[in-house]
Structure formats: C-alpha cells, structure tokens
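**Q** This structure is in structure tokens; I'll ask about it shortly.
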Amino acid sequence: MHQWFFRRVTYLRLCGLAFLLLLCTLPVLGQNAVVAGRVVDSSGAVVPGSALELRNTATNVVLKTTSNAEGLFVFPPVIPGVYDVTAAAPGFSTAHLNGMNLEIGQSRMVNLTLSPSAIAETVTVDDVAPLLTTDRSDRGTVVENQFLVSIPLPTRNPLLLVTLTAGVTPGNVLTAGDNSLSQNQTNEFRINGGRMQTSEVLIDGASNTTTYNNQVAAIPQVDAIQEFKVYTNPYDAEFGHTGGGVISYTIKSGTNSYHGNLHEFLQNQLLNANGFDANRAKQPRVPYRKNQYGFTLGGPLQIPKLYNGRDRTFFFFAYEGFRWNTFFPFVGTVPTDAQRKGDFSQTFDTNGALKVIYNPYTTRLDPSAPQGTIRYIRDTFPGNLIPQNLLNPVAKNLLPYYPLPNTTGVGKSDTNNYIRSAFQSLENDRIDGRIDHQFSQRHSMFARGNWFEQANIQPQVYGNLQAPVQAPNVIPGENWMVNDTWAFTPHTIYVQRFSVATSQTNRVPLTLGFDVPSLGFPSSITKGMRMLQFPSLTLGGYSALSNSPYYTVSIMRTYQYANSLTMLRGAHTLKAGLDYRYYTVDWNVIYPLRISTSGAYTGGPNAKAAAANTGSGLADLLLGAAAVSYQINPHWKNNHPYYGAYFQDEWRVTSRLTLTMGLRYSLELPSIETNNQYVYLDLTSPSPLQVPGYNLKGGLGFVGIDGKGRRVQTPDRNNWEPRLGLAYRMQDMTVLRAGFGVFHHPYISTSIDTSLGFQRTTANLVTEADTVTPLFNLANPFPGGILEPTGNALGLGTLLGQAIRGPIREQRMPYQAQWSVDIERQLPLSIMAGIGYTGTANVALPARIAYNQLHPDQLALGSQLTKPVPNPFYGYITDPSSTLSRPTVQYAQLLRPYPQFTGMDGVTVPSGHSNYHAMELKVERRFAQGLAVLFNYTRSKLIDNVAEINNGPAASFNNIYCFACDRALSYLDIPNYVNLSVRYELPFGLGKRMLNRGLLARVAGNWSLAGIYSYASGIPVVVSSPNDSNAFNIGISRPIATGQPAALPGGPRIEDNGAYFNTAAFTRTPQFQFGNVSRQLPDVRTPGKTGLNALIEKQIPITERFRLEFRTELFNATNSTNFKGPQTSITSAAFGTIALTQSNVPRVIQFALRLVF
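Right, dumping it as structure tokens:
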C-alpha cells in the first residue's frame, strides 16, 4: 500500500471506499456463519421492510436487519453457536425460529412465513438443523467441538483430525500433523492430490502459516476450538493462497454464563504394549511419563463495582501444559581402547572374520592390470597394526570424547558395544485467549491470541556434551489478531482484521565456545569461524561424535491486513476484496567444523573397488585421511508481499438453484534479501572465464547490481483464478453440487538455495589427483585459512570449478485447477450420505533441474567418459578444493553444457505436473440422541512426474531431456483411504432415556464409547540401480526391466526376509545408460497402514452445573503392527525382501480426568 493513501484517507472514508477499491479478501464466511433468507406471506408473496432480529442464546447479543424489496435479508457474520430468529411486519403475526445451530463457514438460508393477523400474535417454531447445505458449492467437513473433545486424539493435536475429511490423506501416513518434536511436519497433508505443505490454515479467518515450508505458526488447543472445517474444494473466490484446500479453526468465545474445565491426561509405560522390534530383541519397555494438563474459562467480562459485561463483553482463556520425560535407550558402536592406539588385530565383523586394514601409503599402480586398464592397489599393515608414528595427533585428541565400550558387541565384532539410557524430555506450554465486545447491534470487535513454546532436551548418551544428538531446541509460535465488523446498512456488511503469525526456532549447541585448537589444529583455523563449538565427526562404521550441534536461530512472521464488504442486492450477494500479507524471515545458521571418514582409504587391495570386510573409518581418521570442511552461511533477512483481490456474485437464481461466479487475482512477489544476498542461475550470459577453444557461458547472477532488481526472481504477474460453483436442490432431501476453480500455490522461501555466492565451504583436498592416494592433512586441513565468501564481487566467475545451484531468473507460480461434482442425500435417522467425483491438475510444480547433465547421446562414449584427459582449465581455475584445478580431468567434464562448473542445479524450477482423480463416499450423522458417525472412503489415483521438494525421493528428473520419462504413479499415491469415527453415549444414566434415577443410575449410567479407525493403502515402491551415469545427473537411477512382472503371483510374504516382489523383473542398468523401469512401480506397494484409536468414558454428574469425566483412551487399541517397506536397492543383498521393522507406535493407554462446568 502506498504511504500517500494512508496519509489522505481517514478511517471512515476507507470504510466507504472499501467496495470501490475491492479492499477485501479474507472470507466473511471462512471462520463465521451467515444467516440470510427471505420473508414471505402465507401466499408466497414477499414481505419487504420486515424487521428481523438474530439473538445468540448464549450471549444474548442481538443483531437487527430488514428485508429488501425482494423480501431478502442478511445478517452480519456471527460466531458459530445457537441462535433464535424473529421476523415481524405490520399487519402480520410475529414469527420465531428458535434453536438454530450455526456452524463454521455455514451460510444458513432461512425462509420465514408471516401470517396476516388483525391482532398481535406470535408463531414459534423450533429449528430442525438441516443436514444438507443446499446453496453452496464448496465441499468439506465440519468437526464440532462436542465431537472434537470426545474422541481419542494422540497428543491432543487437532490437525490430526484433518484426515476425517474425504479427499485428505496425510503425507506421513497416519502420523502427519503430530508436532511433538517440530512444527515442520504440521502441514504435511494432501488435499485432493495437492502438494503437501501448501494448504492454507486459518484461525478465526487469519492466516496461520509462515513462508518457510508454509509451516503452521501456532496450533490451538482442542478445548479452545469451537469447531473447525476442512474445505477440500473452496470454490468461493474469497479463498486463495493455497495449493491444497483450506483448514479453518474458530476459537471459542465467552457467553453470559461462566463455563470451563480442568483436565489432566496421563500416560506411562506400565500399561502400554511393548514394540514389535523390542519384543523380538527381548528388550523391556522404555520407561516414560507424559502429562498433559490445563484449564479453560469463559464468560462475561465483569469487574466488581466497575464494569458488567453481560450481553456485550465476553472473554475466553485456555492454558495447557505438556510434559514428556523418558530415558532414551541408545545402542551404538564406539572405538575400543586398542583401536584408539592403532591396534586392529582384534577387529572382526559379525561373522568372526578379521577386518583387514590396508596401508594407504603403499597405494600404487597395479603393474599386472590388463593393458589399457588403470588400477591402484595397496598392501596391508603387518599384523593389522598401524605404526604409532603414523597416528594423527588430531585423531588422538578427538577419540577420548568417545566413551569406552561397556558391553560386548555382536558376535566377535565391536558392533553395538555401547549401551546407555539417557534422560530426554519435551516441554510444551500453550495459551489461547479471546475477548469479544458488542458496541451496538451494528458494530462488534474481538481480539484473539494463540501462543505456545516448546523445549526439546536431547539425551546426552555419552555422558558428556558430544553425544550424536541435536542441540536443545526451543520452538515458540504465536498468532494474534483483531477483527472489526460493521453493518453499515441492513444489506451492507464491512469487516476488517489485522493479524500477526510468528514461528521460531532457537537451537544453541551445548559446546558453544569450545577451544577448537586444543584438538591439535593450528590456532589460525579459528580465524573466519563464525562461532566456536566442538567439531562434528562422522566416522564410517562407528557412531558419530557431536554430529548435529549446529546453531540455528530463525524467526518467520506473517503480517496480514484485510477488509471485506458484502452487499445484498436483490437475489445477488456481492462480495469483493483485497488481502495484503507481508512475509519476513530472519534466519541465522552456523555450522561447526565437519570431519568425516568412510574407510575408503584403508580398504583394498583394489583401492577403487575394495574387497568386502576391509577398511575402517576409524583407521582412516587415525592416519589423518579425513574430509574436513567448514561452511559459512550468510545471516538471511528476507521479505516479500502478497496481494489477492477478488470479486464474486452469489446469485440465487431460483429457490432451488444458486450459482456462484467469481474471479480472483493473486500476486506474490519473489523475496528481497535486506543485504542483497541472493543469487540466481544465469544460463545464457557470456562467462568472464576465457579458455582457448571454449565459448563459455552461464554462472551465478546477483541481484541488486548491473541493473538487476533486488528480488531473487522477476515476478509472475499472470495469476488469474476463475471460480464457478453450482448448487441445485433436486428434491427437498437431495442436492447436486458442482464447481471449478484455479488456485495458486503459496510462495516457499528458499534462502538456503539462493545465497551461494554469500555462503562458502572451505574443504581440504583429501587425495592426490588419482583420487585414491590420501594427502593425510587432518592436522592442518586449511593451510590458506578458511575462505571468506566473495559475495557478488566475481559476478559470473563466482565458484568456478565448483557445483552451483539457484533458482532461474523468471518466476512462474505453480497452480492447481480443481473440479468436482457430487450428490448428497438426507436419509432417515438424521443421516446424510454423499458420493462425488473430484479431479485436480497441478501445473508448474517446482523441481530440481540438473542443467549440467550430459546429453543421453553422449553416454554412448561409455568408459571413455571417465578417463583422465588434459585439463584445459588447469591454471585458469585455481581453487585447490576443485577437481578442475588439477592437470587432468575426466573427459565427461569437458562435454558438459557448462564445463567450468562440476554441477549446475536449478532449484524450484517450474517443470513438474500432476493429475489426480478420485471417487469420494461420505456418510455422516451429526450428534443426536447420543450418536455421532462420520465415515468417508476415498478411491483415488495420483500421477506426477516429479516428487515434492521437501518430501520423498529426490525432487529431480532422472533425465532432464525427457520429463515425460518420469511420469508415473506419485510417490505418495494412496488409492484407498478409509476413515470411520464414532461417538456413542449409552442410553443409561441421569438425563438418559433408560435407568435414569437412583444410585444405580449414577454408578452404571452415563457411559460413552468412541473410536477412530483408519486404513491407508501402501505407497508405490521405488527401485534403484546405481551406475556411472549417476555422475552426470541428480535423479535416482533406475534398473532395466526384464519383461517379467514385478508382483509375486501369491502376493508379498510379510515375514522376516520374506520375498516381497519378483527381483527377476529387474536387472542392473549397464554403465552409462538410463534404466527403463517406472519411477514408481505400478504393481508393488509397501504394506498398508491401519490404526484404531478407542475411548471409553464415564460421566459423573456432581451438580446441575458440574460434572466429572473419567476416560480411558487406547491408541492403536488392537496393537496392530505396521511394517516398513522392502529393500529396493538392486545392489543390496537383501534386495526384494522385507525386514519386519515396525513403523507405527505400539498400543498406548492414556487416562484422563476432566472437571467440566
């Protein structure tokens, strides 16, 4: 927004101009409900000028309006709840409709009939809530509070219930939404084939997502939610900024009476089942304790002798604490005392065979190799002993930070020779609050806040601060908003709101300030380090040492301001608006010095193809043959805006037919980094590197210089989103819906992939040019010191000789087109059933493109590609860590499109697509006579040509010259997904139909049962076959099909090492070829997943206002075991078999006590 606009336009003028300027986008209906309808007389003629009132029975707040010349009326948006409607007109009796229950996002059509009357009289009718919504085309499911709080829910996270809606499948099947350790996974849902982490999540209509992975900022408590709705097809133009549906929560508000609860949920290991793997290993259950406790309170805001807020000011407050403590069982492999001294004479594998250690100092050409073949060989260390004079001082100083073995290993080996349990905890506190105030019948406001903070304390399994675990992590999140609603006239409603959502991560290593030179490194190594901390050591064959301690502080915020105006004009409800959001990211990541070994330099006798059971990562370290690196990252501070404008006409053509026609425009500009620390891939500009015989082009482009704008990409401004919906009441009990809409995905921040010139990794040169003879330079890995990033000083010459990555310059926003048609029918016993078809197509999905991949025709050169040839870049590229600084180079490097770089990957390149088709079946019974049922079944098929950027296999193409070759079933195609949830109150006890008096009623009555059953088909299996082509692309290499079916005739054998699929259907891909097997197998899937959570509850009435609830909840009540998938690498000895490893949680029993008033 321009500053002059705010300087010149007053608040009232802004309201008056709202419609003309289209200042609206957040949904009037998204988090509230709207009551509209028509007033007619007994003959069916309209009654204009009727006076109507809408009264909230809990707060006594009254809204007024009048009917227009068409007899139509509309009330301002109201919170979900129970309402009474009154209509009156001169010469007619007064009509009352009482007990009308309004749900989130509902547009309730009320037709009131006034009878002529000479005297004043009143006609009262009790409302019967319709199961069918007959005037809206959007599709979805509402979950009411009464149902929400009374079903078994692991971690009491309401996002876990999103999958109760047809068309919604979790990314991590049956576990998505659980944020017990992190927020990053809380938005991993697919809605109608959309991409994970693209769904919009709203609280009271305000956005609750931030820009990094679109993660959820703050998840409200279960007891704080009035109800929520999942829109799977949100055709109204008011919805946008989503690639996978909308999840909308409404927070409770207070009433004229004080209500609330106290609750405690308890778990421990005593009643839980042991895991399948633990039982098989004869290990006991891990001790733990989980407490989840809190309270809620809501009512009128009253200050004795100062203020009485009944009928106008209300508050609601909720607190919940979560404490989880356990002793983490760690089983690892640590060096023995003899091995630390170079003695490997007693180092055996699990079969009892000696692990032979070869001397890398003896590496030489094999004179007996066939002519024309280059082969390097090595000799063993006599006695498998490394001489003391060869032991590296840094290695000797690192190893004491490992604990010594405390148990025997497997067989004669040292594998799993260290066992220890260490304390681990998670603490979480949440606060939700809301204040509502009714200024008048035309003006109301509310303010709402959601806050939480979570702290993860990791187990120090080594007894020091160098355990292979992450640093302690503190994760705060919050969402604050203010909402203002005006009814300018009975037929013109204005809403404005402002909100701020924040998501943070704070991870600080426990070894901060560690003296790195004390390990034997030169003191100069600390120059250039952004922070001193203990190095990260990854040791092949052994447990790691302090491998995840990096420092991270990130703050992500979403600021949002929106207005809305709704106007009733005859049979048309007109809506228009603008939504403005401003996203910020402050991200600082600092890595430690990294050291890694694999055992490659002490394997042999063939140095490039070592025999099995030779070499040791520890031996490599002791000799100083280790890879050492230090990465400098910039401190990112980026921001970008989002604008969304729409206009919509909801036309009630007849009493049976409603058409919704809308158009939305979205513009989400690419990010700006405060210090211009952004790069992009320039694929065409001439390179400053002049090498005879080469016309080089391409490299890293920089924003903010040479006339380039500051944004990381040039924006995509062609983002129109047409919407069309139809609702037709075929009969009184049957409705037909259809719709079509286009939705643009949210922009995902990619700072880590867009700042290469401002981040730099200094790495030691590990080997000689032959790539097999180590340089043994662990003690002084960086003789020239840690290299500082060059920033934009070198332009296209930045990082010559290295692999580079970045986005392409032109932005193209991914979008989804969706369409649907369904029929719903109201059945007896308050049951609603529906069946429908929905389809979606996602276009311009982000993918990684290996622009430096060889053309497939060049692979015909075979082994000639890997032969060393004179390096034309020798002397031009001088970075010692680059292979292009050496006298020779592989021939394949010179054939690359950009030979001055070892790799050039485009990130988030809009080149993917997907198609989704589904049949959805839904049966629902809202809570009535003690029974609520929600059943849905989704039969679907999802096809795409690339995986998701942050989930599943690599989001890249196997062959960038043939995108169509990767079209296959999606990695997360789930053809069958079933959900059944039931809540049943037994008809016995106080207030029930049977056994409702006396002591027996109190003891044996008021019991309830509830449960949620889920089943999901397995996902397609991915088979890989590595070969030398991998050096020339970034996709997963696939095998060659032999023509045999992959599926076994009798199906897979779900048993240890059982044959899962036909391995004869595949053969290893020959060198320098692409495989022809489908990206995902169409006929072989991982095992399906099932889950049953159950609950039994006893309510104990204390007084008329107070009751006590005791419940027992069973998660995975049947203790079913879901298994992981089979081994799919063709090079593995276990290829095609399944190891029975449990992938779900064994049965957990939870007790709860709630005092409700």
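So the mapping is simple: the working numbering equals the position in the sequence shown, first residue as 1, plus 14.
Just so you know, even glycine gets a beta-carbon here, dropped at the ideal spot from N, CA and C.
(1) For Leu162, report the span of its alpha helix (DSSP H) as first-last.
(2) Jot down the residue ranges of each uninterrupted alpha helix (DSSP H) in the segment 555-638, minimum 4 residues, whole runs only, in chain order.
(3) Give the straight-line distance between the Cα atoms of Thr183 and Tyr991, rounded to the nearest whole angstrom.
(4) State the start and end residues of the unbroken alpha helix (DSSP H) segment that holds Arg1016.
(5) May I have the straight-line CA-CA distance separating Thr1083 from Ala858, to the nearest angstrom?
(6) Could you tell me the alpha carbon to alpha carbon distance between Asp325 and Leu276, rounded to whole angstroms?
(7) For Tyr851, count neighbouring Cβ atoms within 10 angstroms of its own Cβ and tell me buried if that reaches 16, exposed if not.
(8) Kindly indicate which three-state DSSP category Thr674 falls into: helix, strand or coil?
(9) Which stretch, first to last residue, makes up the beta strand (DSSP E) that contains Gln518?
(10) Tell me where the beta strand (DSSP E) around Val345 begins and ends.
(11) Between Phe279, Tyr302, Glu278 and His273, which lies nearest to Ala287 when the distance is taken from Cα to Cα?
(12) According to DSSP, Arg997 sits in a beta bridge with which residue or residues?
(13) Tell me which residue opens and which closes the alpha helix (DSSP H) that Ala352 is part of.
(14) Are the beta-carbon atoms belonging to Thr698 and Gly712 less than 8 Å from one another?
(15) Under DSSP, the beta strand (DSSP E) around Asp55 begins and ends at which residues?
(16) Less than 8 Å between the C-beta atoms of Asn1136 and Gln1156, yes or no?
(17) For His931, I'd like the list of residues in its chain whose CB is within less than 7 Å of its CB, leaving aside the five on either flank, ordered along the chain.
(18) How many angstroms separate the CA atom of Ser769 from the CA atom of Gln468?
(19) Nearest to Asn778 by CA position, among Ser1038, Thr897 and Thr506, is which residue?
(20) Whose C-beta lies closer than 7 Å to the C-beta of Ile205 among residues of the same chain, with five residues either side of it excluded?
(21) Check whether the Cβ atoms of Val1026 and Ser984 lie closer than 8 Å to each other.
(22) Please look up how many angstroms separate the CB atoms of Tyr249 and Asp149, rounded, as I've assumed it's under 8 Å.
(23) To the nearest angstrom, report how far apart His586 and Glu664 are at their CA atoms.
(24) Ignore the nearest five residues each way along the sequence and tell me which others in Asn322's own chain have a CB closer than 8 Å to its CB.
(25) DSSP puts Ser427 in a beta bridge; with which residues?
(26) Using a Cβ-Cβ cutoff of less than 6 Å, which residues in the same chain neighbour Ile988 once the five nearest sequence positions on both sides are dropped?
(27) So, at 8 Å on beta carbons, what are the nonlocal neighbours of Leu162 in its own chain, with the 5 sequence-adjacent residues on each side left out?
(28) Which of the three DSSP states, helix, strand or coil, is assigned to Ala103?
(29) In whole angstroms, what is the alpha-carbon distance linking Asp1097 and Phe1075?
(30) May I ask you to report which of helix, strand or coil DSSP gives Asn403?
(31) Looking only at its chain, what residues have a beta carbon closer than 7 Å to the beta carbon of Gln773, apart from the 5 residues adjacent to it on each side?
(32) Let me know the secondary structure DSSP gives Val786 once reduced to three states.
(33) Are three or more beta carbon pairs between the segment 422-439 and the segment 452-461 nearer than 8 Å?
(34) Please work out which residues of its chain come closer than 6 Å, Cβ to Cβ, to Leu695, disregarding the five sequence neighbours upstream and downstream, and give them in chain order.
(35) Quick one: what's Ile1114 bridged to in DSSP?
(36) Can you tell which of Ala1061, Glu1069 and Ile233 has its C-alpha closest to the C-alpha of Ser262?
**A** Taking the coordinates as given:
(1) Residue numbering aside, residue 162 sits at position 148 when the sequence shown is read from its first letter. Taken as a continuous stretch (DSSP letters only), the alpha helix (DSSP H) holding Leu162 covers Asn159 to Leu162.
(2) 631-636
(3) The residue you call residue 183 lines up with position 169 of the sequence shown. The residue you call residue 991 lines up with position 977 of the sequence shown. For Thr183 and Tyr991, the distance between alpha carbons rounds to 7 Å.
(4) Within the sequence shown, the letter at position 1002 stands for residue 1016. Note, Arg1016: alpha helix (DSSP H), Gly1012 to Ala1018.
(5) As a first step, residue 1083 must be located in the sequence shown, where it is residue number 1069. As a first step, residue 858 must be located in the sequence shown, where it is residue number 844. Distance between the alpha carbons of Thr1083 and Ala858 is about 31 Å.
(6) On the sequence shown, position 311 is the one that residue 325 refers to. On the sequence shown, position 262 is the one that residue 276 refers to. Their Cα atoms are separated by approximately 26 Å.
(7) On the sequence shown, position 837 is the one that residue 851 refers to. Exposed: under 16 other Cβ atoms inside 10 Å.
(8) Start at 1 with the first residue of the sequence shown, and residue 674 comes out as number 660. Strand.
(9) Taking the sequence shown and counting its residues from 1, one reaches residue 518 at position 504. Looking at the DSSP string, the run of the beta strand (DSSP E) that includes Gln518 is Thr506 to Arg521.
(10) Looking up residue 345 in the sequence shown gives position 331. Here the beta strand (DSSP E) through Val345 covers Thr327 to Gly346.
(11) Locating residue 287 in the sequence shown gives position 273, where the first residue counts as 1. Of the listed residues, the one whose Cα sits closest to Ala287 is Tyr302.
(12) Numbered from 1 along the sequence shown, position 983 holds the residue referred to as residue 997. Note: Arg997 sits in a beta bridge opposite Ala946 and Ala1024.
(13) Working through the sequence shown from its first residue, we reach residue 352 at position 338. Segment Asp351 to Arg354, the alpha helix (DSSP H) holding Ala352.
(14) Within the sequence shown, residue 698 is the residue found at index 684, counting from 1. Within the sequence shown, residue 712 is the residue found at index 698, counting from 1. Result yes, Cβ atoms of Thr698 and Gly712 sit closer than 8 Å.
(15) Taking the first residue of the sequence shown as 1, we reach residue 55 at position 41. From DSSP, the beta strand (DSSP E) with Asp55 extends over Val48 to Asp55.
(16) Translated into positions along the sequence shown, residue 1136 becomes position 1122. Translated into positions along the sequence shown, residue 1156 becomes position 1142. Their beta carbons are under 8 Å apart, which means Asn1136 touches Gln1156 by this criterion.
(17) Locating residue 931 in the sequence shown gives position 917, counting from the first residue. Same-chain partners within the cutoff: Gly853, Ser954 and Lys955.
(18) By 1-based counting over the sequence shown, the position of residue 769 is 755. By 1-based counting over the sequence shown, the position of residue 468 is 454. The straight-line gap from Cα to Cα measures roughly 30 Å.
(19) For this step, residue 778 is matched to residue 764 along the sequence shown. Answer by Cα proximity: Thr897.
(20) Indexing the sequence shown from 1 puts residue 205 at position 191. Once the five neighbours on either side are set aside, the close Cβ partners of Ile205 are Gly181, Val182, Ser213, Thr246, Gly258 and Gly259.
(21) Taking the first residue of the sequence shown as 1, we reach residue 1026 at position 1012. Taking the first residue of the sequence shown as 1, we reach residue 984 at position 970. Per the sequence presented here, residue 1026 reads as Ile, with Val not at that position. Not a contact, by the Cβ cut-off of 8 Å.
(22) Numbered from its first residue, the sequence shown carries residue 249 at position 235. Numbered from its first residue, the sequence shown carries residue 149 at position 135. Rounded, the Cβ-Cβ distance is 13 Å, inconsistent with contact.
(23) Within the sequence shown, residue 586 is the residue found at index 572, counting from 1. Within the sequence shown, residue 664 is the residue found at index 650, counting from 1. Roughly 6 Å between the two C-alpha positions.
(24) Reading the sequence shown from its first residue, position 308 is the one you call residue 322. Excluding positions up to five away in sequence, the list reads Pro314 and Gln316.
(25) Here residue 427 refers to the residue found at position 413 when the sequence shown is read from its first residue. Paired residues: none, contrary to the question.
(26) Here residue 988 is taken as the residue at index 974 of the sequence shown, counted from 1. Only Thr183, Ala1030 and Ser1031 meet the Cβ criterion.
(27) The residue labelled residue 162 in the question sits at position 148 within the sequence shown. Cβ neighbours of Leu162 beyond the five flanking positions: Pro172, Leu175, Val236, Ile239, Glu241 and Phe242.
(28) Here the question's residue 103 lines up with position 89 in the sequence shown. Note: Ala103 maps to coil in three-state DSSP.
(29) Looking up residue 1097 in the sequence shown gives position 1083. Looking up residue 1075 in the sequence shown gives position 1061. So the alpha carbons of these two residues sit roughly 9 Å apart.
(30) Locating residue 403 in the sequence shown gives position 389, where the first residue counts as 1. Of the three classes helix, strand and coil, the one that applies to Asn403 here is helix, per DSSP.
(31) In the sequence shown, counting from the first residue as 1, residue 773 sits at position 759. These residues qualify, in order along the chain: Gln645, Ile646, Asn647, Pro648 and Pro803.
(32) Locating residue 786 in the sequence shown gives position 772, where the first residue counts as 1. Of the three classes helix, strand and coil, the one that applies to Val786 here is coil, per DSSP.
(33) no
(34) As a working mapping, residue 695 is identified with position 681 in the sequence shown. Result list for Leu695: Gly820, Ile822 and Gly920, in chain order.
(35) Numbered from 1 along the sequence shown, position 1100 holds the residue referred to as residue 1114. Ile1114 pairs with Leu1122.
(36) For the purposes of this step, residue 262 is identified with residue 248 of the sequence shown, where counting begins at 1. Out of Ala1061, Glu1069 and Ile233, Ile233 has the C-alpha closest to the C-alpha of Ser262.
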